[in-house]
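Note that the sequence shown covers residues 1 to 478 in the numbering used here.
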Amino acid sequence: MKRYVEGEARSQTTLFPDTLDDYIAEDNPVRVVDVFIDELDLKKLGFDGMVPEATGRPAYHPATLLKIYVYGYLNRIHSSRRLERECQRNVELIWLTTRLAPDFKTIADFRKDNGQAIRRVCREFVVLCRNLNLFSDALVAIDGSKFKAVNNRDKNFTDRKLKARMQQLEESIARYLAELDRADREPSILPEARVAHLQEKVAAVKAQMRQLKRIGTQMASAADGQISRTDPDARSMATTGRGTGIVGYNVQTAVDSKHHMIVAHEVTNVGHDRTQLVPMAKLTRAALGKTKLTVVTDRGYFSGPEILECDRLGINALVPKPQTSNNQARGFFDKRDFRYIPSADEYRCPAGKRAIWRFTTVENRLRIHKYWSSACPRCPLKPQCTPGEYRRIARWEHEHVVEAMQRRLDRRPEVTRLRRQTVEHVFGTLKAWTGPTHFLTKTLPRVGTEMSLNVLAYNLKRAIQILGVEPLIRAIAA
């Protein structure tokens, strides 16, 4: 007969029962959560309820509720209802909360009412990591990714979507009315039940059209001409897939290249990254406590004014320049084939002719200088240069800053590969943790709080992986 490992009888009593602490190993990550939150000054961080009321039912200490949330996000348990159940059956949470089991409403209200304080806790852990020398002095990668909001695409309206939906409804009502006209001419074609059903459909479509007209009126007063019915702060954003898009938020992160830890993050509802370089660089520099910083991004962040501002702040930005001109694809010389001569403030064209300054204009609030050569009409290379009479070259007044940045980037071609290895897997990890819904809360401030909990959990897990549980606990308590 085979032998098996046998458990204890459930009715068996022991003279000296186990203590709750015996069930939690010394290297269990839950001990890091406990020590880290106990060492925080929650009153200074701005948590509500740090001074209990003299009357009424006693409240739960904010530290207890914060421990529940940090543990939950560390273990991919984001729902307040699931956290309520885990507090009653999960040995680690029972140990962490000392057998307290708040109801889901208390847990949810804590996250809702302490958003700013929770974000400060995330920054406190970044400061701890900085003091432990877990961040590199060399490079920080910045990137953004789209996260889905609690808002269906059908509940988001833009001008294009509204027109398409109105056209669809007009076609539907025309089809229904045509069918009713046929029934009027020949009553035997359709049964009475079908006619009544069509009349109901016509009434429903007309009600939808009236609702869409009201939405169109609201859109006219919206700042960006866009309305989301479920989450008012969510916005329709394009993604990399052709013809795809989501309604959600653009999450920005700055990731250290040494241990791939998140140094700074921000949740925005702007669908592009062109205006995010300077804000993220400032947040990163403040988090690292450094005056000089090197950041690398992808082409989506390229913006002359943003690069200029980074240069003025002493931040070394490395941003590849996108090739937006189609001249090369059409068989013409590219702007890179024209060499700028700073001493003469002119260009030398591929034919060796001088393209001199002609005038300065303002385009998109930028001062642009225009250059061309008088020899263009008679140039033998003109068929390879321009279909027009002259090949005009535009140059931004601070183009030298962008050119200097490009030279630095050319000397370090490996940083673009390093950026992908550093920051993109972080987003993959976070999206795997959050699951298909990404966020459970609505509006930008609450979504920002939820993202801070995700970032805190990510950094906690990375620090535990790098240092180990017991050394990290000693560092926190020191």
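Ideal Cβ positions, reconstructed from N, Cα and C, are used throughout, including at glycine. Computed from a prediction, not measured in an experiment: that's the story for all the values here.
| Asked | Found |
| --- | --- |
| Thr189 - DSSP class collapsed to helix/strand/coil | It should be noted that the sequence gives Ile, not Thr, for residue 189. DSSP places Ile189 in coil when its eight states are reduced to three. |
| Proximal residues to Leu180 (C-beta, below 8 Å), its chain only, five neighbours per side dropped | Val195, Leu198, Gln199 and Val202 |
| At least 3 beta-carbon pairs within less than 8 Å: the segment 127-145 vs the segment 250-264 | yes |
| The beta strand (DSSP E) enclosing Ser452, as first and last residue numbers | Looking at the DSSP string, Ser452 is not in any beta strand (DSSP E); the run it does join, the alpha helix (DSSP H), is Leu444 to Leu467. |
| At least 3 beta-carbon pairs within less than 8 Å: the segment 274-284 vs the segment 303-311 | yes |
| Own chain, CB closer than 6 Å to Pro322, minus 5 neighbours either side, in chain order | Arg299 and Phe302 |
| Test item: CB-CB of Ile142 and Ala254 under 8 Å | yes |
| Of the listed residues Arg378, His265, Ala355 and Leu381, nearest to Lys370 (C-alpha basis) | Ala355 |
| Ala193 classed as buried or exposed, judged by whether at least 16 other C-beta atoms fall within 10 angstroms | exposed |
| Start-end ranges of the beta strand (DSSP E) lying completely within the segment 124-208, minimum 3 residues | 140-148 and 156-158 |
| Where Val319 falls: helix, strand or coil (DSSP) | coil |
| CA-to-CA distance, Glu266 to Gly448, given in whole angstroms | 7 Å |
| Of the listed residues Arg419, Tyr249 and His398, nearest to Thr437 (C-alpha basis) | Tyr249 |
| Range covered by the alpha helix (DSSP H) that runs through Ser80 | Ser80 to Arg89 |
| Alpha carbon of Glu170 to alpha carbon of Asn152, nearest angstrom | 23 Å |
| Minimum length 4: unbroken alpha helix (DSSP H) runs contained in the segment 271-354 | 277-288 and 304-312 |
| Proximity to Thr297 [Cα-Cα], best of Leu288, Glu424 and Ile227 | Glu424 |
| Beta carbon of Tyr73 nearer than 8 Å to that of Leu453 | yes |
| Met237, DSSP secondary structure in three states | strand |
| For Met1, the three-state DSSP class (helix, strand or coil) | Any reading at Met1 needs caution, since the residue's pLDDT is 47, under 50, leaving its predicted position unreliable; the model's value is listed next. Residue state, collapsed to three classes: coil. |
| Pairwise C-alpha distance: Val469 and Ala463 | 9 Å |
| Separation of Leu440 from Val150, as counted between CA atoms | 7 Å |
| Rounded distance between the beta-carbons of Ala234 and Gly245, thought under 8 Å | No, Gly245 and Ala234 are not in contact; Cβ-Cβ is about 12 Å, not under 8 Å. |
| 8 Å Cβ cutoff, Lys163 in contact with chain B | Of the protein chains in the structure, only one exists, and it is not chain B. |
| Separation of Gln384 from Gly331, as counted between CA atoms | 7 Å |
| Same chain, Cβ closer than 8 Å to Ile476, five either side skipped, listed in chain order | Val32, Val35, Phe36, Glu39 and Leu128 |
| Beta-carbon spacing of Lys292, Gly314 below 8 Å | yes |
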